[in-house]
Every structure is written in C-alpha cells, then in structure tokens.
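Below is one structure; the comments refer to it alone.
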DNA sequence: GGATTTCCATGATCTGGATCAAGGCGGCCG
DNA sequence: CGGCCGCCTTGATCCAGATCATGGAAATCC
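Residue numbers (my numbering), protein chains in the order written: chain P, 9 to 255; chain U, 9 to 255.
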C-alpha cells in the first residue's frame, strides 16, 4: 500500500505542513492557507466499500479535498449501474459541481483507501467573502474541471478517449514514466462510456503496437507521440505542462 | 425576428435598466450591479457567419454575457467539422471554461443574430477582488454549468439525450408551452453526439407517439411526463423548478 | 489454505446509430 | 423571378463497440 491511511500519520490540520502541494489551501498567500486550516473539519479516512462521502441528492454540506488515494464521483442509473462522472486525486476538490445548486449531484466514494480533508461549505463561503484570492482559485479550479468535462463529453473513438485518459492520468500520477492506475478497468470504462471488454481490448491493442506496456495495473507509456496524435482532437488534456499544440 | 439586434435599441450600459433578468450583473446587490455596469466594454452585435467572438487557443481577453439571441461554443476537429460544446442563451456567460487557464478552449459564434455584453477578464478579476458576491455568483454559475456538462457527458440513448435537451431548452426559452429552437438540427446533433438524421428521425418518432408537435423549428411539448421518464436518468436538467425526482 | 468473489482477457454475435444516397422544400441572392 | 444552396426528410446499408459467453488469475474472506 503506497499510502498510509491512518489518521495518526498527520496530526492536526495545519495546511502549511501538508505535503499535498497542489491543494487549494496552498495556492494563495500564507495567510489564506492559515485561514483554510482554521475552517477544516477533522480529516477523514475513506475506504472502498465503506459508506460514501456523500450521496447524489443530499444537501451539500461539505466539499472534500483529496489528501491521498482516489475518490470517484458517480450516479446510479435505473438498472443500478454506476455511471462514473469523475476521478479525484490528491489536491483535487470533490463536489464542486453541486456548489451552485446546494445539492450533491453525484455520490462520492473511495476507489482505494483514501484520506480527505472535510471543508464545510458554510465555512468555505465565509472564507470566500473574506479572501478574494480563495474565491479566485476556487473559481479557476471549477473552470478547469468544466473544461475537462466539456472536452470529455465530445464524440470520440474508444482509442481516442482512452489515449486522452491515459495522458491525463500520466500527468497527474506518473513517477518516472510509469504509473499505477488506482481504479479497475470497469471504472475506466464507466467513466469513458466504454464496456470493460473494450477498455481491455484497446489497452492490449495499444500494447501490441508498442505504445505502452502493461503489467497488472501498472502502465508505462512508451510512445507518447502516438498517444498524443490520437488524443489531440480531444483537447484540454495534458495542457498543464504546456505540451498541447496551439491547434 | 423576435429580437431587435440594433445597438440603438438600448443605449448605454446600465445593467439596472437591462431587461435580461437572469444576467450575472443582476444577481447581487444594486451596488454590485452598478459595478458591473462600470466595467463593461461596449456591447456587441454578433451575426451568424460573421467573425467569431473568440477562437479556441486565443488568449482569454473577455467573457461575454448573452443579452439576446444564441451563441454556440465549439471546436473544430481534424476533418474540419464543428463539435459543439454548448449553447448559451440570454443571461448566460460564454467563456467560463477558459477562465482558469487563461486560454479560450472553444470558438464562440452566433447561431442567430445576437447581442452580447463584453466583460474584460482583467476588469472582472478586479471586480471579484472588490465584491465577494460577484465571485460567489460567478462560482455558482460555473458550478452549475459543470453539473450540466458532467450529466451530458454520460452514456445515454439518442432518445434520452434528446428528451433531456428538449426539457432543458424548454425551461429556458419556452413561452406558453411552445418554443422555437434557435439552432439547426445539425447543431443539435453536434452537441448531443448524434447524426443529423438521427435527430430528425427521433424527433419525428416522438411526434408520432404524440409526445410533441413539430412545425418548422417550433416545438410544443405535449407529453411532458413521457419525456421526463426518458430524461430522468440524465439528471440535472430541468432541476430549477424542483421538478426532478429525488431518485 | 481452500472457497468465494472480483477482475482481466478473448472469442462470437448483435445492434444503435452512423454513413451513404436521394429527393423535397424553403430562403436568399443576383 | 428563377437558380442555387443549405436544411429537413426518408430509406438502405454498414460498422464500432455493446453484449453474451467462457475461462483464468488475483485478491478477499472466513
């Protein structure tokens, strides 16, 4: 297990001591970070299979800042199947889609043993009143997530969507060229609107062509250019490092 | 033409006199509305076929508040085809997806003769610093758009997507039970990831079943319950009036 | 440590919606 | 006013990816 899920691993809630560099609380001034610390409810462990962090339809009481692990947001359709709307990794905020309406639009649950900081929305709103920089970075975060969602909602082939997904994840969790996907292929398929079998076949086909290597859930991207060519149409993805073409 | 597109129809830029009730500028206090007025660049007419308001890849210089008509946001794929990411109606803000990254993620152009208020982002950021309520409502707007985008990105049948789209549009532009879609069926298809032929066939099929009546671009919804049953899985849509089931 | 369950993998078949084709109809421009 | 072009409509065919079926390999649970 790459991540220590016990609460004792990090006592207190001083955001300035937190190792998660990309967290909202670390994006503004030191003062703002201190303010973040002051409003956080106690941190929580979230386990796969355990109770959801919140459910679709609930009144929105808190957003969650992911500290470790991976959280999925999903709805349940009429047949009882999950439809995954997003994966959230350390530094991400879960629940921004429900902020506007005050109601959770999806259910949030852990994909692997995870840890989240609980940010009560009433406190968050107060913080936004006091610190314009908090509002601004929250707004930017939501805007970026919107950009990704709009890009993903387009009509692309299984290969294109998977390539875009892999590059996106690579940017976020690769260390030294390799990464370990926290979620099962079924979950990837649910998110990308693909059957599990299609995810598997497409990955294998990419491996056969030498674009990547697979072993268990570990993926190493070998031919980035090849994937890029497929994913470029989708846009947005892998934008952070300034890798995307002007197009 | 239901909407007067000449600039002379509304001189000056006093938001408090503007008839668009759902505009951002009208959502906060009177003071905040006055502040909005003060930062607006001159209003613009936008014509179909004329120059785009902005293009994907451009540096983000302004967002646009739709005053009349309909604006579409789209990207162009490798084959030169439009992929529509959203339609914006009076009261909507165009460009929120690019706010975070500072780069326009899509091209924005008029679907019908339209009018937009130009909101320079540098001024908008200053306004957000000064008026927390502006930040808050901008954040809420973006959050709602995110909710819709996430819902739309799911895997639904042609019928379900079209039903959800019709109900969504109905909520936004119906007067007395009937509405006139501003965009062509081809555009609807591009947005919903459907071929033009499928949009046409599905609409006709719904008409045959007595769920709606079609004449030209005018649509009257006859069996709301039927459409709702289809669209409910999609979620989010038609939420404003509290019509959606708890699920 | 054996049983159960979940996940990954691969082949065979099926299908919703795309694509191709072709005609009518209205709107716009010269 | 007549010609052209873009939209809507309907039918025939095709295909990417879903679904069904089956088996092996890990992980999880008594």
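For each residue, glycine too, the CB sits at the ideal point set by N, CA and C.
Computed from a predicted structure; not experimentally measured.
Note down, in chain order, every chain P residue with its Cβ under 7 Å from the Cβ of residue i.
i: residue 107 of chain U; result: 147, 148, 151
i: residue 161 of chain U; result: 157, 160, 161
Whole-angstrom Cβ separation of residue i and residue j, contact assumed at under 8 Å?
i: residue 211 of chain U; j: residue 157 of chain P; result: Not quite, the Cβ-Cβ distance comes to about 26 Å (not below 8 Å), so this is no contact.
i: residue 27 of chain U; j: residue 120 of chain U; result: At roughly 18 Å, the Cβ-Cβ gap does not stay under 8 Å, so residue 27 of chain U and residue 120 of chain U are not in contact.
i: residue 73 of chain U; j: residue 127 of chain U; result: 6 Å
i: residue 271 of chain P; j: residue 234 of chain P; result: The structure shown does not extend to residue 271 of chain P, since chain P is modelled only from 9 through 255, so no value can be given for it.
i: residue 80 of chain P; j: residue 191 of chain P; result: 7 Å
i: residue 129 of chain P; j: residue 70 of chain P; result: 6 Å
i: residue 64 of chain P; j: residue 112 of chain P; result: 6 Å
i: residue 77 of chain U; j: residue 122 of chain U; result: 2 Å
i: residue 238 of chain P; j: residue 193 of chain P; result: About 18 Å separates the two Cβ atoms, so there is no contact after all.
i: residue 104 of chain U; j: residue 150 of chain U; result: 5 Å
Name the two residues that bound the continuous alpha helix (DSSP H) containing residue i.
i: residue 117 of chain P; result: Premise fails: residue 117 of chain P lies in the beta strand (DSSP E), 115 to 128, not in any alpha helix (DSSP H).
i: residue 140 of chain P; result: 140 to 160
i: residue 209 of chain U; result: 204 to 216
i: residue 233 of chain U; result: 232 to 239
So with CB distances below 8 Å, who are the chain U contacts of residue i?
i: residue 8 of chain P; result: Nothing can be reported for residue 8 of chain P: it is not among the residues displayed for chain P, which extend from 9 to 255.
i: residue 4 of chain P; result: Residue 4 of chain P is absent from the structure shown; chain P starts at 9 and stops at 255.
Going along chain U, which residues have a C-beta under 7 Å from residue i?
i: residue 298 of chain P; result: This structure gives no information on residue 298 of chain P, because the portion of chain P shown stretches from 9 to 255.
Find the residues of chain P that neighbour residue i, judging by a C-beta separation of less than 9 Å, and give them in chain order.
i: residue 209 of chain U; result: Within 9 Å Cβ-Cβ: nothing; residue 209 of chain U doesn't reach chain P, min ~18 Å.
Terminal residues of the continuous beta strand (DSSP E) containing residue i?
i: residue 222 of chain P; result: 220 to 223
i: residue 80 of chain U; result: 70 to 84
i: residue 164 of chain U; result: Run containing residue 164 of chain U: none; DSSP gives neither H nor E here.
i: residue 194 of chain P; result: No beta strand (DSSP E) holds residue 194 of chain P; the alpha helix (DSSP H) holding it covers 193 to 200.
i: residue 53 of chain U; result: 49 to 54
i: residue 94 of chain U; result: 90 to 96
i: residue 188 of chain U; result: 186 to 188
i: residue 228 of chain U; result: 226 to 229
Starting from residue i, find everything on chain P with Cβ-Cβ shorter than 8 Å and list it in chain order.
i: residue 317 of chain U; result: Since the displayed chain U opens at 9 and closes at 255, residue 317 of chain U lies outside it and no answer follows.
i: residue 194 of chain U; result: Result: empty, since nearest Cβ-Cβ is about 14 Å, beyond 8 Å.
- Item | Members of the segment 85 to 108 of chain P near chain U, C-beta cut-off 8 Å | 85, 86, 91, 93, 94, 104, 105, 106, 107, 108
- Three CB pairs or more closer than 8 Å across the segment 167 to 183 of chain U and the segment 101 to 120 of chain U: no
- Item | Residues of the segment 27 to 50 of chain P with Cβ closer than 7 Å to any Cβ of chain U, in chain order | none
- Select from the segment 59 to 72 of chain U all residues with a C-beta closer than 9 Å to any C-beta belonging to chain P, and list them in chain order. 64, 65
- Item | Under 8 Å (Cβ pairs) to chain U, residues found in the segment 165 to 192 of chain P | none
- Message: Can you pull out the residues from the segment 203 to 235 of chain U whose beta carbon lies closer than 8 Å to at least one beta carbon of chain P?
- Response: none
- Is there contact here, the segment 30 to 37 of chain P with the segment 81 to 95 of chain P, by at least three beta-carbon pairs under 8 Å? no
- Task: Decide yes or no for the touch test of the segment 130 to 144 of chain P against the segment 134 to 153 of chain U: beta carbon pairs closer than 8 Å, at least 3 of them.
- Result: yes
- Message: Below 8 Å, how does it come out for the segment 179 to 198 of chain U and the segment 214 to 229 of chain U: are there three or more Cβ pairs, yes or no?
- Response: yes
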